[in-house]
Amino acid sequence: MEAFEIGVTWFRDVLWSVYFLVPLLVGTGLLLTIRLKFIQTRKLGHSINLTRGLYDDDDDPGEVTHFEALSSALSSTVGTGNIAGVATAIASGGPGAIFWMWLTGAFGMASKYAECMMAVQYREFTDDGVVRGGPMYYISKGLGESNNAFLRALANPFAMFFAFCMMLSPLAGGALVQANSAADALNANFSIPHVITGIVLAIIVGGVIIGGIKRIGAVTSRLVPFMGVTYTVGVLLLLFMNWQAIPGVIEMIFYYAMNPMAAIGGFAGATVGEAISFGAARGVFSNEAGLGTAPIAHAAAKTSEPVREGLVAMMEPMIDTLGINTMTALAILSTGSFESGLSGASLTTEAFDRGLPGQGGTL
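For the sequence shown, the numbering used here assigns the number 429 to the initial residue and increments by one for each residue that follows.
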């Protein structure tokens, strides 16, 4: 078991190093940003209007509204990645990791636009009106229409390989992480056994999933805004209590993005490479830009214009990485909790503890 763990850790480190996935994902986002002429800023206002439902048409083909599709995609990103993910990035890469997380989110908006636009462009409808779409479809159809014979030959094998990986990814990278974090928190604070949390979560999630994308969209369109608003209010209260430290925190983020940070307190120190690697990795973990999960949800949107759904999907990294992640990072750094040397959810918990009156918070 120990040898297996060492092997998995080595593979993870290589995969998320500054030489492989980081430049691949961030580089793709940068390329798309340039090719799309900085669509993140040019069309942001129109994207917000689309999300608000100003252009919704019930007669358009699809199963869920723009907002329900957005909520369904956000439901898998707003959570552990915004809390423990940000804390882990800071604990391992230092404050500078947040700058690279921002960069990943900004370029990830272009990636989300492209992948979700193609999901609608190449989606299929069954005879009973059910939508089927996602990367496996646009890989198969898009490459299948290529003028290059070699790419056409790779189309179906690549699509099947992606479908196989996607079958495993939500289980290992999503469901297990989220459920484990919830079980640990409930056990630590309320002594609820892990197995009880697992059974209850399985029943609730199963009841939603069995209803298909329509029920998922209906539930997440109510749950995600509630989650976001509740968390935002709590973090803003904490930041208000520590507002004097925020200017210094922002300066620290930019400085250590380009400079190594020496050990301080319980913090072991971090190189620039570690800041880039952990910042980009946790940024992708939180917004899933380029992962391929969001296009499956957005393929079901009621729209006859693929570009519209791409613009709606573009909001996800902005809400998730540039919004919620930033608030979490400011909360951790403004309380000085990262100096404790803790990691993950423990670091976030300490940040909130330090922000309380009488426990280190500044009023």
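Glycine included, C-beta positions come from ideal geometry on N, C-alpha and C.
The model shown is predicted, which means the values in this text are computed figures rather than measured ones.
Query, Result
"Based on DSSP bridge pairs, tell me the residues matched to E552.", "R560"
"So, using beta-carbon positions, are M537 and Q468 closer together than 9 Å?", "yes"
"Considering only the beta carbon of each residue, do G738 and Y541 sit closer than 9 Å?", "yes"
"How would you label S500, buried or exposed, when you count the other beta carbons within 10 angstroms and need 16 or more for buried?", "buried"
"For I492, name the three-state secondary structure that DSSP assigns.", "In the sequence as displayed, the identity of residue 492 is Val instead of Ile. DSSP places V492 in strand when its eight states are reduced to three."
"For D487, is the classification buried or exposed, using 16 other Cβ atoms within 10 angstroms of its Cβ as the cut-off for buried?", "exposed"
"With a 10 Å radius around its C-beta and 16 neighbouring C-beta atoms as the bar for buried, classify F439 as buried or exposed.", "exposed"
"Let me know the secondary structure DSSP gives A727 once reduced to three states.", "coil"
"Assign C593 to one of two classes, buried (16 or more other C-beta atoms within 10 Å of its C-beta) or exposed (fewer than that).", "exposed"
"At the level of alpha carbons, what is the spacing between G639 and G521?", "41 Å"
"Below 6 Å CB to CB, which residues in the same chain sit around S574 once its five sequence neighbours on both sides are set aside?", "R580"
"Please say whether P734 and A547 have beta carbons closer to each other than 9 Å?", "yes"
"What does DSSP give as the partner residues of M689 in its beta bridges?", "A698"
"When DSSP labels each residue in this structure, what does D485 get in the three-state scheme?", "coil"
"Does the distance from the C-beta atom of S609 to that of A512 stay below 9 Å?", "yes"
"Note down the Cα distance separating V633 from G457, rounded to an integer number of angstroms.", "32 Å"
"For F495, which residues of its own chain have a beta-carbon under 7 Å away from its beta-carbon, when the five flanking residues on both sides are left out?", "T479, G481 and S649"
"Per DSSP, what kind of secondary structure is A431 in: helix, strand or coil?", "helix"
"Quick one: what does DSSP say Y447 is sitting in, helix, strand or coil?", "coil"
"Reducing DSSP to helix, strand and coil, say where L784 ends up.", "Low confidence applies here, because L784 scores a pLDDT of 47, under 50, leaving its location unreliable; read the following figure in that light. Of the three classes helix, strand and coil, the one that applies to L784 here is coil, per DSSP."
"My output table needs one value for N670: the three-state DSSP class, helix, strand or coil.", "coil"
"Nearest by alpha-carbon distance to F654: which of L449, L502, V436 and R560 is it?", "L502"
"According to DSSP, is K471 part of a helix, a strand, or is it coil?", "coil"
"Looking at M742 and K471, is the spacing between their C-beta atoms short of 9 Å?", "yes"
"Answer with buried or exposed for F527, where buried requires no fewer than 16 other C-beta atoms within 10 angstroms of its C-beta.", "buried"
"Roughly how many whole angstroms lie between the Cα atoms of L791 and A673?", "Below a pLDDT of 50, predicted positions are generally treated as unreliable, and L791, at 26, falls in that range; no measurement from the model is reported."
"Spatial neighbours of N510 within its chain, please: C-beta separation below 7 Å, excluding the five flanking residues on both sides.", "S714, D748, I752, N753 and T756"
"Measure the C-alpha to C-alpha separation of A698 and Y684 and round it to an integer number of angstroms.", "9 Å"
"Between the Cα of Y447 and those of I704, I724 and V740, spot the shortest distance and give me the residue it belongs to.", "I704"
"Confirm, please, whether the CB-CB distance from G490 to V559 is below 9 Å.", "yes"
"In whole angstroms, give me the CA-to-CA distance for F553 and I678.", "48 Å"
"Where does F466 sit, in a helix, a strand or coil, going by DSSP?", "coil"
"Who are the Cβ neighbours of L571 in its own chain at under 6 Å, not counting the five residues just before and after it?", "L579 and A583"
"With distance defined between alpha-carbon atoms, name the residue in H622, V514, M680 and V492 nearest to A607.", "H622"
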